[in-house]
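Protein chains in written order, with our numbering: chain A, 48 to 159; chain B, -13 to 97.
Here's the structure, in structure tokens; my notes come after.
Here is the structure:
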């Protein structure tokens, strides 16, 4: 089955700097890669996703890149703000209502 | 509804007791998932419903755990003879397609 590795486990950045979180996956058949943000006491919130037919996707200050050959994908947050502080999870699945397999998460702290 | 709703938000129970956790998915979503999240970990898959039937229950840890979705909407996760190791946040998600949307979770504490 699919296995997703995520790093770093913790990341601290100064406000305004960029943050990058990286994930690798094991199943070359996986073709959908979402990223979730989880704030304390809340459920994970989908913030961006990418499918295997594209290499990059942007949404304002957030971008995700995918390298299918290397089986890794990354989340990039630019111009970080204190409200970006949260735990971020990557996930991977084979498209078609199959269960998401999550990484262990990255705790991002943005220092004002 | 506007989002996935889970009740209760918190549940404290004594070891050995039976508990039920409820999930109301987004209206019209045919797929429903239960996950368990321990402190500092990512969500771990328990069971997945497509309509009324359990399409994949390979994540259920043992036969004390059971889930139903009798009418293809609301789902209930049932845990018998609870153990302290069952303490975690239980998350429910629903989807219509690949995008899965999560509820806020039920924090279960077994004392």
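Glycine included, each C-beta is placed from N, C-alpha and C at the ideal position.
None of the values given here were measured: they were computed from a predicted structure.
- Identification of residues in the region -5 to 16 of chain B having a C-beta nearer than 7 Å to some C-beta of chain A yields an empty set.
- In this structure, residue 79 of chain A and residue 96 of chain A form a Cβ contact; the two beta carbons are roughly 7 Å apart against a cut-off of 8 Å.
- DSSP places residue -3 of chain B in the uninterrupted beta strand (DSSP E) bounded by -4 to -1.
- For residue 36 of chain B, the enclosing beta strand (DSSP E) begins and ends at 30 to 36.
- Proximity of residue 86 of chain B to chain A, defined by a Cβ-Cβ separation below 8 Å, is satisfied.
- The C-beta of residue 64 of chain B has fewer than 16 other C-beta atoms within 10 Å across all chains shown, which makes the residue exposed.
- In chain A, no part has a C-beta under 7 Å from the C-beta of residue 63 of chain B; the shortest such distance is about 15 Å.
- Straight-line spacing of the CA atoms in residue 88 of chain B and residue 116 of chain A works out to 30 Å.
- Those residues of the region 90 to 102 of chain A placed with their C-beta closer than 9 Å to a C-beta in chain B are 90, 91, 92, 93, 96 and 98, ordered along the chain.
- A contact between stretches requires three or more CB pairs, one per stretch, nearer than 8 Å, and the region -7 to 4 of chain B fails this requirement with the region 117 to 134 of chain A.
- For residue 151 of chain A, the C-beta contacts it makes with chain B under 7 Å involve 27 and 28, in order along the chain.
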